Amino acid sequence: MRIIDEKGRLFGKINVIDFLVIFLLLCVLPIFYFGYKLYKKGITEVTKGGVFTEIDIYCKFTRLNPEIIKMLSVGDKELDGNNNTMAEILWLGESEISRHRFDLGNGLAIFKNDPLLRDVPVKLRLKAEAKETNLFYKDRQLAVNSPFNFKTSKYSVNAVPFIKESVKLIKAEFQNLEPEVVKVIKAGDVQRDPFGKVIGRIISILEIKNSSIMTLGNKKVFLIPNPHKKDMSVLLDYLCIEKEGLQNNECSIKVGQEITFTTDLYSLTGKIIEMKDK
Numbered sequence: 154m155r156i157i158d159e160k161g162r163l164f165g166k167i168n169v170i171d172f173l174v175i176f177l178l179l180c181v182l183p184i185f186y187f188g189y190k191l192y193k194k195g196i197t198e199v200t201k202g203g204v205f206t207e208i209d210i211y212c213k214f215t216r217l218n219p220e221i222i223k224m225l226s227v228g229d230k231e232l233d234g235n236n237n238t239m240a241e242i243l244w245l246g247e248s249e250i251s252r253h254r255f256d257l258g259n260g261l262a263i264f265k266n267d268p269l270l271r272d273v274p275v276k277l278r279l280k281a282e283a284k285e286t287n288l289f290y291k292d293r294q295l296a297v298n299s300p301f302n303f304k305t306s307k308y309s310v311n312a313v314p315f316i317k318e319s320v321k322l323i324k325a326e327f328q329n330l331e332p333e334v335v336k337v338i339k340a341g342d343v344q345r346d347p348f349g350k351v352i353g354r355i356i357s358i359l360e361i362k363n364s365s366i367m368t369l370g371n372k373k374v375f376l377i378p379n380p381h382k383k384d385m386s387v388l389l390d391y392l393c394i395e396k397e398g399l400q401n402n403e404c405s406i407k408v409g410q411e412i413t414f415t416t417d418l419y420s421l422t423g424k425i426i427e428m429k430d431k
């Protein structure tokens, strides 16, 4: 039996050229298939892999019952499926009353204290994924007041990032005040943010004196009292946030910096003379 007959057929059944084409296809197709799979895998890893970095962030564990609070401990960790640390508690603060916010519309809101549940401030170290200018934890973007889940083998809680606050004791001076304004200023007056939270309080009034007027005489500058205006120095409790330096109500807080204190009755603008931790 001839392998290739006079008509160019293999075993007298199939054309040799057709056979070679089929053979090449059978050889080449697997190469293309596995090449495509490898290419697709590479694209997936680049897309999903991201860049991971460790960050320390202040959060509040919100709406906790007393049993959960007792379980919290520095060093508690959340692990992934391979037992790698994804998050760890570095610091625990004192528990505080959990507050509910109720929106009334037109920018108005009221707050109510929860009689049973409490919040706990914590400092967490997270393994976060960087995507462009944003950070993600377990595919959830990290943002102030946006909750994410923190889960250990003992408990699962909601963690809400917040900006760390601290209270500063500030001596401030307000000049050239109208006597009528001075009469209504008193210790205990408070400044609130748009949500009703106290962000400043007058602890005491240190001094009230006549303002001064500069005058020129004999080629010299003199300061003479102005009985129609008053200067006042006060001691303030001032709530500051740590955001590119200390700030209050989005204003920078430094010695020598301008300070504004506003209540329902008056608004004062002066200068910070001294500042220290309370």
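In this text, residue positions in the sequence shown follow our numbering: the first is 154, and each later residue adds one. In this text, a Cβ means the ideal position worked out from N, Cα and C, and glycines have one as well. If you're wondering where the values come from, they're calculated on a predicted model, not measured in any experiment.
Tell me which residues share the same chain as Asp342 and place their Cβ nearer than 6 Å to its Cβ, disregarding the 5 neighbours each side in the sequence. Sequence index remark: in the sequence shown, residue 342 carries index 189 (1-based). Result list for Asp342: Ile355 and Thr416, in chain order.
Less than 8 Å separating the beta-carbons of Ile388 and Leu322? Reading the sequence shown from its first residue, position 235 is the one you call residue 388. Reading the sequence shown from its first residue, position 169 is the one you call residue 322. Ile is not the amino acid found at residue 388; the sequence shown has Leu there. Cβ distance < 8 Å, so Leu388 and Leu322 count as in contact.
Apply the 10 Å Cβ neighbour rule to Ala240 and answer buried if 16 or more other Cβ atoms are within range, or exposed otherwise. In the sequence shown, the residue the question calls residue 240 occupies position 87. That one is buried.
Ala262 burial status per 10 Å Cβ neighbour count (16 or more: buried): As a first step, residue 262 is located in the sequence shown; it is residue number 109 there, counting from the start. Answer is exposed; the Cβ neighbour count stays below 16.
Buried versus exposed call for Ser226 [16 or more other C-beta atoms within 10 Å across all chains shown]: Locating residue 226 in the sequence shown gives position 73, counting from the first residue. Exposed, because fewer than 16 other Cβ atoms sit within 10 Å of the Cβ of Ser226.
Measure the alpha-carbon distance for Pro380 versus Ile366 and round it to whole angstroms. Position 227 of the sequence shown holds residue 380. Position 213 of the sequence shown holds residue 366. The straight-line gap from Cα to Cα measures roughly 10 Å.
Is it buried or exposed for Met428, if we count other Cβ within 10 angstroms and need 16 for buried? Taking the sequence shown and counting its residues from 1, the one referred to as residue 428 is at position 275. It is buried - the Cβ of Met428 has at least 16 other Cβ atoms within 10 Å.
Inter-stretch contact at 8 Å, needing at least 3 Cβ pairs: the stretch 217 to 225 / the stretch 286 to 303: no
Tell me the DSSP secondary structure of Lys431 in three-state form. Counting from one through the sequence shown, the residue named residue 431 turns up at place 278. Lys431: coil per DSSP, three-state reduction.
When the Cα atoms are used, what is the spatial distance from Asp346 to Phe289? Looking up residue 346 in the sequence shown gives position 193. Looking up residue 289 in the sequence shown gives position 136. About 30 Å.
Please specify which runs of the beta strand (DSSP E), each continuous and at least 3 residues long, are wholly inside the stretch 304 to 365, giving them in chain order. 309 to 314, 318 to 330 and 343 to 345
Determine the direct distance from the alpha carbon of Asn266 to that of Phe255, and round the result to whole angstroms. Along the sequence shown, read from residue 1 onward, the residue named residue 255 stands at position 102. Along the sequence shown, read from residue 1 onward, the residue named residue 266 stands at position 113. The alpha-carbon atoms of Phe255 and Asn266 are separated by roughly 11 Å.
Does DSSP put Pro268 in a helix, in a strand, or in coil? In the sequence shown, the residue the question calls residue 268 occupies position 115. In this structure, Pro268 counts as strand in the three-state DSSP scheme.
Mark Arg271 as exposed unless 16 or more other C-beta atoms lie within 10 angstroms of its C-beta, in which case mark it buried. Sequence index remark: in the sequence shown, residue 271 carries index 118 (1-based). Burial call: buried.
Answer yes if the stretch 230 to 246 comes into contact with the stretch 272 to 280, meaning at least three C-beta pairs across the two stretches below 8 Å, and no otherwise. yes
Which partner residues of Ile377 appear in the DSSP bridge assignment? Within the sequence shown, residue 377 is the residue found at index 224, counting from 1. Ile366, per the DSSP bridge assignment.
Chain-order list of residues whose beta-carbon lies under 8 Å from that of Gln400 (same chain, five-residue window excluded): Walking along the sequence shown from the start, residue 400 turns up at place 247. In this prediction, Gln400 has a pLDDT of 46, which is less than 50 and means its spatial position is unreliable; what the coordinates show is noted afterwards. Counting only Cβ-Cβ distances below 8 Å, and skipping sequence neighbours, we find Cys393, Ile394 and Ile406.
Between Phe214, Ile425 and Phe205, which lies nearest to Ala325 when the distance is taken from Cα to Cα? Stepping through the sequence shown from its first residue, residue 325 is reached at position 172. Nearest of Phe214, Ile425 and Phe205 to Ala325, Cα basis: Ile425.
If contacts are defined as beta-carbon pairs under 8 Å, then Ala281 and Thr206 qualify, I think. What distance do you get, rounded to the angstrom? Here residue 281 refers to the residue found at position 128 when the sequence shown is read from its first residue. Here residue 206 refers to the residue found at position 53 when the sequence shown is read from its first residue. With 8 Å as the limit, Ala281 and Thr206 qualify as a contact, their Cβ atoms being about 6 Å apart.
DSSP state of Glu285 mapped onto helix, strand, coil: Against the sequence shown, residue 285 aligns to sequence position 132. It is coil, neither helix nor strand.
N- and C-terminal bounds of the beta strand (DSSP E) containing Asn213: As a working note, residue 213 is residue 60 in the sequence shown. Here residue 213 turns out to be Lys, not Asn, going by the sequence shown. It spans Val204 to Leu217 - the beta strand (DSSP E) in which Lys213 sits, taken as one unbroken run.
If you reduce the DSSP assignment to three classes, tell me which class Glu220 lands in. As a working note, residue 220 is residue 67 in the sequence shown. Helix.
Where Leu295 falls: helix, strand or coil (DSSP): In the sequence shown, counting from the first residue as 1, residue 295 sits at position 142. Note: Leu295 maps to coil in three-state DSSP.
Tell me the rounded alpha-carbon separation between Arg252 and Phe264. Residue numbering aside, residue 252 sits at position 99 when the sequence shown is read from its first letter. Residue numbering aside, residue 264 sits at position 111 when the sequence shown is read from its first letter. When rounded, the distance between both Cα atoms is 6 Å.
Considering only their Cβ atoms, is the gap separating Gly423 from Asp390 smaller than 8 Å? Taking the sequence shown and counting its residues from 1, the one referred to as residue 390 is at position 237. Taking the sequence shown and counting its residues from 1, the one referred to as residue 423 is at position 270. No, Cβ-Cβ distance for Asp390 and Gly423 is not below 8 Å.
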